[in-house]
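Asks:
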Amino acid sequence: MAGKGKDVVQEKGVNEYGDGVAWIRGPMLGKGSFGRVYLATLKNPTSQYSCFPSVMAVKSAEVSVSGTIQKEKEVMSNLNVCPYLIKCFGEETTMGENGVMAYNLLLEYGSGGTLADRIKKSGSNGLPELEVKMHSRSILSGLNHIHDLGYVHCDLKPDNILLVRTAESGGITEFRAKIGDFGLAKKEKQSKKRKLEPCWRGTLRYLSPEAVIDYVQEAPCDVWAIGCIVLEMLTGKPPWEGEKAEDILAKIRAGNEFPKIPNEISNEARDFLKCCFVRKSIYRLNCEMLLNHPFVEDLDSDDLYKSDDDLSDDLFAYELDDGSEDDSSSYWCEEDADSMDDEPGCSSAEVVDIEGDENCRKSEIHIGRLKSREHFPTNFTYLA
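Spelled out as structure tokens, the structure:
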């Protein structure tokens, strides 16, 4: 897949979408269903734009199909600044060499790659438990902030957790886990304006029972996903490993099936996972309660991270697969169509089946493909 991605970059060129006013587009880091992510560097760090970091990640898509990324920008703006969420520095429209106009979201760069990269590099034994505790507390802190502001992430998984270098001194690691990719996020208890076929958002392996059975996705769904992520960090294997999509659905829908918790982990870790894997959502602990669980409560976030005086050092600490596609399944739901109802030029839901993992076929519903706008604004916006 990495080789295929590199071929795409060579054929289309890294500057397919053009450069920004203050930044130069670099190599493609990866691509997903709704856009591509590029490495970007400032043209002149000493200019009036030097308030930006010297290195950023730019998520881009053609304007005509950028509805999801624009929605993500709106969600990130509403979530404000949190040290456990990927920062958004602004948005900009650019023009590529072939005349394609692109919408760009300027994001914080995770030089450590994704948590999925880190787990993969650890082998089949998983991460050290102390590191798991550290990342778990960071993710819980970020998710608690999201829930406090009335949002549900809906697609928490290791691929959407970025490892960002920190400038704090001391500690056990130089990377902090931060939540990213808010393209499927929704408001809690979002009203339904119209009826569509029931479906869910997110990735099948990380979906909670109420999401699969009742198509209900509120804050407790994210807590179930936290349990799946912690289990994967501890074991090096995803939940429901080796199961086909239909078998996973059957087990999640069954009344007594849970992701397998190994006996080799600590009692604190086992109890933490059991608190996440409560089938009835009303009895599942929330993020604030889990932050007080013995598995993570004794960690002081100020002492967790090593210092990093030079961001340019080891930009690719955990080398990413250039151009790699996310091989998990993502689903849209009716609230996504509702949120796009008032936007001009939106089309109805389009169901697309895409070849995916051997055991989990990739099936996606793309909502809100914006039609080309004749007078799309060419101005750019940066957040203070």
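The opening residue of the sequence shown carries number 1 in the UniProt record's numbering; numbering runs sequentially from there. Ideal Cβ positions, reconstructed from N, Cα and C, are used throughout, including at glycine.
#1: Assign V21 to one of two classes, buried (16 or more other C-beta atoms within 10 Å of its C-beta) or exposed (fewer than that).
#2: Determine the direct distance from the alpha carbon of L29 to that of N15, and round the result to whole angstroms.
#3: With distances taken from CA atoms, which of C82, T166, S111 and E210 is nearest L149?
#4: By Cβ distance below 7 Å, which residues in the same chain neighbour C228 in space, the five residues on each side in sequence not counted?
#5: With a threshold of 16 other CB atoms inside 10 Å of the CB of A250, please say whether the residue is buried or exposed.
#6: Could you tell me the alpha carbon to alpha carbon distance between I179 and N292, rounded to whole angstroms?
#7: Just checking my contact of I119 with M233 at CB under 8 Å: how many whole Å lie between their CB atoms?
#8: Please report how far the alpha carbon of Y17 lies from the alpha carbon of W23, in whole angstroms.
#9: My assumption, with CB atoms under 8 Å, is that G236 sits in contact with S138. Please give the rounded CB distance.
#10: Between which residues of its own chain and S141 is the CB-CB distance below 6 Å, once the five residues before and five after are set aside?
#11: How is V216 classed by DSSP in three states: helix, strand or coil?
#12: Alpha carbon to alpha carbon, how far is S208 from S266?
#13: For G227, which beta-bridge partners are listed by DSSP?
#14: Considering only the alpha carbon of each residue, which of S33, V37 and D155 lies closest to Y109?
Replies: The answer reads as follows:
#1: Along the sequence shown, read from residue 1 onward, the residue named residue 21 stands at position 21. Here V21 is exposed. Its C-beta has fewer than 16 other C-beta atoms within 10 Å.
#2: By one-based count along the sequence shown, residue 15 stands at place 15. By one-based count along the sequence shown, residue 29 stands at place 29. N15 and L29: Cα-Cα distance of roughly 13 Å.
#3: Position 149 of the sequence shown holds residue 149. When only C-alpha atoms are compared, the closest one is C82.
#4: Mapped onto the sequence shown, residue 228 falls at position 228. Residues R205, Y206, P239 and P259 of the same chain have their beta carbon placed closer than 7 Å to that of C228, with the five preceding and five following residues left out of the count.
#5: Your numbering for residue 250 matches position 250 in the sequence shown. With a 10 Å radius around the Cβ and a threshold of 16 neighbouring Cβ atoms, A250 comes out exposed.
#6: Here residue 179 corresponds to residue number 179 of the sequence shown, with the count starting at 1. Here residue 292 corresponds to residue number 292 of the sequence shown, with the count starting at 1. In a straight line, the C-alpha of I179 is about 20 Å away from that of N292.
#7: Here residue 119 refers to the residue found at position 119 of the sequence shown. Here residue 233 refers to the residue found at position 233 of the sequence shown. Taking C-beta atoms under 8 Å as the contact rule, I119 and M233 qualify, at a distance of about 6 Å.
#8: In the sequence shown, counting from the first residue as 1, residue 17 sits at position 17. In the sequence shown, counting from the first residue as 1, residue 23 sits at position 23. Approximately 12 Å between the Cα atoms of the pair.
#9: As a first step, residue 236 is located in the sequence shown; it is residue number 236 there, counting from the start. As a first step, residue 138 is located in the sequence shown; it is residue number 138 there, counting from the start. A Cβ-Cβ separation of about 19 Å leaves G236 out of contact with S138 under the 8 Å criterion.
#10: Counting from 1 along the sequence shown, the entry for residue 141 is found at position 141. Answer for S141: Y84, listed in chain order.
#11: Here residue 216 refers to the residue found at position 216 when the sequence shown is read from its first residue. DSSP places V216 in coil when its eight states are reduced to three.
#12: Here residue 208 refers to the residue found at position 208 when the sequence shown is read from its first residue. Here residue 266 refers to the residue found at position 266 when the sequence shown is read from its first residue. Whole-angstrom Cα-Cα distance: 24 Å.
#13: Against the sequence shown, residue 227 aligns to sequence position 227. For G227, which the question treats as bridged, DSSP gives no partner whatsoever.
#14: Position 109 of the sequence shown holds residue 109. Comparing Cα positions, the closest option is V37.
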